[in-house]
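In terms of the working numbering, the sequence shown opens at residue 1 and continues consecutively. Ideal Cβ placement from N, Cα and C applies to all residues, glycine included. Down below is the structure, laid out as structure tokens.
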Amino acid sequence: MNFKMQNKQNQLIERITDQHLIVGVDIAQHVHVARAVNFRGIVVGKPLSFENNEEGFTKLLNWIKELKHMKNLDTTIVGMEPTGHYWINLSKWLVKQNMDVVTVNPHHVKRNKENRDNTQSKSDKKDALVIADMVKNGYYAFVRSTSESFEKLRVLMANRDVIVKRHVSSINQINRWVDVVFPELWQVFKDVS
1 MNFKMQNKQN QLIERITDQH LIVGVDIAQH VHVARAVNFR GIVVGKPLSF ENNEEGFTKL
61 LNWIKELKHM KNLDTTIVGM EPTGHYWINL SKWLVKQNMD VVTVNPHHVK RNKENRDNTQ
121 SKSDKKDALV IADMVKNGYY AFVRSTSESF EKLRVLMANR DVIVKRHVSS INQINRWVDV
181 VFPELWQVFK DVS
């Protein structure tokens with residue numbers, strides 16, 4: 001099992017060439033932060049903050065093009081944490097721009113924070129750099145594109161789970177109230193829900 005995992009990681013590392021610009025994006029609700037490194041992990045350019053809208057996405061794309069031109073690089077891979085739903089629009093937009101988009105495990109990002117500077121401090125710029133490093137080191141997964149109907153089904157199932165949990169909680173609450181206020185009710189009725 002361990003060999004297979006190591007083999008997979010090696011394959012992901014081999015995909016990164018000396019012609020790659022590796023971009024890490026720290027995702028937030030309103031403003032994302034991007035950092036870039038080359039295939040060796042050397043920081044390329046300054047951090048970029050951009051809004052979570054099409055104007056901000058275009059700003060990111062122009063920043064990437066500028067860095068690629070400046071460093072004479074051909075290819076880009078963009079990594080991000082799939083936290084919440086804030087990453088989805090950026091991911092879809094980048095895929096439409098023919099970018100390779102990958103995700104990194106948020107738990108691994110948290111564990112790898114001190115690899116860069118020996119501290120557990122948190123900042124959006126640092127997180128973006130940690131994400132870029134993780135992509136460079138092969139700790140990423142490709143984003144699978146899903147159909148609109150599949151996404152709607154996933155949302156529907158999540159909503160169903162919430163409703164079922166609320167329903168069970170309400171039944172338990174009613175049963176508790178009956179036990180406290182009128183315990184004899186169980187002798188007359190088996191189920192009050």
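Residue of the options minimising C-alpha distance to residue i
| i | options | result |
| --- | --- | --- |
| K8 | F142, T146, V188, N53 | F142 |
| G84 | Q29, Q97, V130, K125 | Q29 |
| I22 | H108, I88, V168, Y140 | Y140 |
| N72 | N159, T17, Q173 | T17 |
| N105 | F182, K125, N38, V130 | V130 |
| W87 | G56, I171, K190, R176 | G56 |
| P256 | L12, N98, I174, W63 | What is shown of the chain runs 1 to 193, which leaves residue 256 out entirely. |
| S49 | V43, L60, K152 | L60 |
| T103 | I174, V31, R176, V78 | V78 |
Per-residue DSSP class, three states only, for residue i
| i | result |
| --- | --- |
| H107 | helix |
| A28 | coil |
| T83 | coil |
| E55 | helix |
| V23 | strand |
| K190 | coil |
| I77 | strand |
| R206 | Coverage of the chain is limited to positions 1 through 193, which leaves residue 206 absent and any answer about it impossible. |
| R160 | helix |
| D18 | coil |
| V178 | helix |
| R40 | coil |
| S147 | coil |
| N112 | coil |
| N172 | helix |
| Q97 | coil |
| N72 | coil |
| N137 | coil |
Close-in-space but distant-in-sequence residues of the same chain around residue i (CB under 6 Å, 5 per side omitted)
| i | result |
| --- | --- |
| D179 | none |
| G45 | A36, L67 |
| V95 | V101 |
| L185 | V178 |
Sequence-distant residues of the same chain with beta carbon closer than 7 Å to residue i, five excluded per side
| i | result |
| --- | --- |
| G41 | D133, K136 |
| V109 | E81, D127, V130, I131, M134 |
| I13 | N137, G138 |
Other residues of its chain near residue i: CB distance less than 8 Å, five sequence neighbours each side excluded
| i | result |
| --- | --- |
| N10 | G138 |
Beta-ladder partner(s) of residue i, from DSSP
| i | result |
| --- | --- |
| V102 | G79, F142 |
| L67 | According to DSSP, which records beta bridges pairwise, L67 is partnered with nothing at all. |
| V33 | D26, S49 |
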